[in-house]
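Asks:
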Amino acid sequence: MTVTLDWLGCATFRLAIGELVVFLDAYVDRVPSAAPTGVTIGEIDRADWIVIGHSHFDHLYGAERIARATGATVIGSYETVRILQAQGIPQAQLLPVAGGETVRLSADVTVDVFPSQHSCVWSHRAMPAADAVCLGDLGVTLQEQQRRMQELFGFLGSLGPEVLDHLRASAQGALGDGGALLFLFQTPDGSLLYQDTSGCWSGILRDLRPDVAILAAAGRGNLDGEPIQGSLAQFVAREAELLRPRRIVLSHHDDWLPGFSRAVDVAPIRAELSRVAPAIELVEMGYRAGFPLFGRR
Ligand SMILES: [Zn+2]
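Using this note's numbering, you'd call the opening residue of the sequence shown number 4 and step up by one each time.
And the structure:
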């Protein structure tokens, strides 16, 4: 069985497990100034499943069109499902989860769902560099986090008409992130962990031991509900220590929304990983690489 992974920008991937096609997030069409990935949403005509890590536009926007075009079933939070219902996706194509479920995707592929955490996007305006050590912001209430998020959205709106148009087009009425989820795919050739935002519960990651882990590398990491006291590189390395995968693929680390995001410098992450977990292979994947996920390189 051939298992391949194509990165389609931000935290969106197309996972092909033999004949089975699974989208990991669905954000494909982005602002015109973001680097083209070579795929537009209108070209996607095959998908069996779509898993959505959380309900923010840079993850969920596009799922409604892929679901309509392909008949794929969407696995996501109750918030994700509520949004897609409101956009006319039939109930039969929607599978709400909250963590703790195992979903069968085919005769020999399943996915385990776990609760997770969202990155502390409220704690910064410009994305911090991968080696920038960030301290403080502990014990910030939800109300204060929401106030800072409002400020952030105001700032995004000030990035010019291109961003404003995109924010309007992609607004699906999400109430926050809807609760971030983590997915662990079990295939005959190996297991794949998928995370689409830099947050985690350390007790859940501990010793999951996936063969390959897709880990988000953007913003300020969220470790057990508090901002990481350290750098993004240290956050990814901490997750790697807990998970102990054979191989890591990064996500969310490209310049997906110029003016807000940044192309994350992978070098500090590579350095930190080689310090704490030298046996783990860090894969730097371009868009649409058709990467053989479990094969030797
Ligand atoms: Zn998000």
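Quick reminder that beta carbons are idealized off the backbone N, C-alpha and C, glycines included.
At the level of alpha carbons, what is the spacing between valine 239 and leucine 211?
Replies: For the purposes of this step, residue 239 is taken as the residue at position 236 of the sequence shown. For the purposes of this step, residue 211 is taken as the residue at position 208 of the sequence shown. So the two alpha carbons sit approximately 15 Å from each other.
Asks: So leucine 296 and valine 166 are supposed to be a Cβ contact under 8 Å. How far apart are they, rounded?
Replies: The sequence position of residue 296 within the sequence shown is 293, counting from 1. The sequence position of residue 166 within the sequence shown is 163, counting from 1. In fact, because the Cβ distance is near 34 Å, the residues do not count as touching under 8 Å.
Asks: Is histidine 306 near ligand 1 - that is, is its Cβ less than 7 Å away from at least one heavy atom of it?
Replies: Only positions 4 to 300 of the chain appear in this structure, which leaves residue 306 out of reach.
Asks: Relative to ligand 2, is the shortest distance from any of its heavy atoms to the C-beta of aspartate 180 smaller than 7 Å?
Replies: No copy of ligand 2 appears in this structure; the ligands present are ligand 1.
Asks: Is it buried or exposed for threonine 1, if we count other Cβ within 10 angstroms and need 16 for buried?
Replies: The structure shown does not extend to residue 1, since the chain is modelled only from 4 to 300, so the question has no answer here.
Asks: Taking the alpha helix (DSSP H) that valine 79 belongs to, which residues open and close that run?
Replies: Here residue 79 corresponds to residue number 76 of the sequence shown, with the count starting at 1. Inspection of the sequence shows that residue 79 is occupied by glycine rather than by valine. Here glycine 79 belongs to no alpha helix (DSSP H); instead the beta strand (DSSP E) covers 76–79.
Asks: Going by DSSP, which residues form a beta bridge with proline 271?
Replies: Here residue 271 refers to the residue found at position 268 of the sequence shown. According to DSSP, proline 271 bridges with nothing at all.
Asks: Look at the alpha carbon of glycine 179 and the alpha carbon of glutamate 284, and state the distance between them as a whole number of angstroms.
Replies: Position 176 of the sequence shown, counting from 1, holds the residue named residue 179. Position 281 of the sequence shown, counting from 1, holds the residue named residue 284. About 34 Å.
Asks: Between the region 233–247 and the region 95–104, can you find at least three pairs of beta-carbon atoms closer than 8 Å?
Replies: Output reads no: the region 233–247 does not touch the region 95–104.
Asks: With three or more beta-carbon pairs closer than 8 Å as the criterion, would you say the region 120–127 touches the region 189–208?
Replies: Short answer: they touch.
Asks: Cβ atoms of alanine 243 and alanine 280: under 8 Å apart, would you say?
Replies: Along the sequence shown, one-based indexing puts residue 280 at 277. Along the sequence shown, one-based indexing puts residue 243 at 240. It is a contact, given that the beta carbons lie within the stated cut-off.
Asks: Could you tell me which residues DSSP puts in a beta bridge with serine 254?
Replies: Residue numbering aside, residue 254 sits at position 251 when the sequence shown is read from its first letter. Its beta-bridge partners are Ala219.
Asks: Cβ of valine 124 within 7 Å of any heavy atom in ligand 1?
Replies: As a first step, residue 124 must be located in the sequence shown, where it is residue number 121. Yes, since a heavy atom of ligand 1 falls inside the 7 Å radius drawn around the Cβ of valine 124.
Asks: Between which residues of its own chain and alanine 66 is the CB-CB distance below 7 Å, once the five residues before and five after are set aside?
Replies: Here residue 66 is taken as the residue at index 63 of the sequence shown, counted from 1. The residues are Ala29, Ile53, Ile55, Val77 and Leu87.
Asks: What does the Cβ neighbour count give for glutamate 82, buried or exposed, with the cut at 16 atoms within 10 Å?
Replies: Counted from its first residue, the sequence shown places residue 82 at position 79. Buried.
Asks: Looking at leucine 195: is its Cβ nearer than 8 Å to the Cβ of leucine 185?
Replies: The residue labelled residue 195 in the question sits at position 192 within the sequence shown. The residue labelled residue 185 in the question sits at position 182 within the sequence shown. Not closer than 8 Å, so no.
Asks: Should threonine 200 be counted as a contact of ligand 1 given a C-beta to heavy atom distance under 7 Å?
Replies: Locating residue 200 in the sequence shown gives position 197, where the first residue counts as 1. True, at least one ligand heavy atom lies under 7 Å from that Cβ.
Asks: Kindly confirm or deny that the region 272–279 and the region 18–38 touch, where touching means at least three C-beta pairs closer than 8 Å.
Replies: No, because fewer than three Cβ pairs between the region 272–279 and the region 18–38 fall closer than 8 Å, the two stretches do not touch.
Asks: Just curious, the alpha helix (DSSP H) that serine 173 is in, first and last residue?
Replies: On the sequence shown, residue 173 is found 170 positions in, with the first residue counted as 1. Serine 173 -> alpha helix (DSSP H) spans 164–173.
Asks: Measuring CA to CA, which of Cys13, Leu27, Val6 and Phe26 is closest to isoleucine 20?
Replies: Here the question's residue 20 lines up with position 17 in the sequence shown. Out of Cys13, Leu27, Val6 and Phe26, Val6 has the C-alpha closest to the C-alpha of isoleucine 20.
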